[in-house]
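In the numbering used here, the protein residues as written are 123 to 260.
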Ligand code: FES
């Protein structure tokens, strides 16, 4: 994705988002989850498309890949967030749900730039807030 025409939001210092940590960024009424999973940065919408639970409280793991009968292959290690309410899983890179090509969450470009974590969004927000998750959620 090109980031040339997008608005840059400084989320925090890179040191504040070490591997395993999460932040919640609210841009006006748009809530976005920022995750550092194994050193890779992900950004995605907080609201689960099923019944609206906050995905920032979901567990992060991998998932079994599509395979032939009686073949079991694990993949996407620590790249899947599971909704804390009913367990729907989403690939944090693509936003794609694990069970249906028709269900997807919105993802955002996140980069580390000059020791800061930067979120890229299309619309410039009027109000920005950044929240740390409680201990035990990272
Ligand atoms: S609210 Fe997320 S799976 Fe039901």
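In this text, a Cβ means the ideal position worked out from N, Cα and C, and glycines have one as well.
- Grouping DSSP H, G and I as helix and E and B as strand, with all else coil, what is residue 220? coil
- C-alpha distance - residue 158 paired with residue 141, whole-angstrom precision: 5 Å
- Query: Does the beta carbon of residue 134 fall short of 7 Å from some heavy atom of the ligand FES?
  - Reply: no
- Message: Based on DSSP bridge pairs, tell me the residues matched to residue 129.
- Response: 243
- Query: Measuring from the CB of residue 174, is there a heavy atom of the ligand FES at a distance below 7 Å?
  - Reply: yes
- Item | Backbone CA spacing between residue 153 and residue 207 [nearest angstrom] | 18 Å
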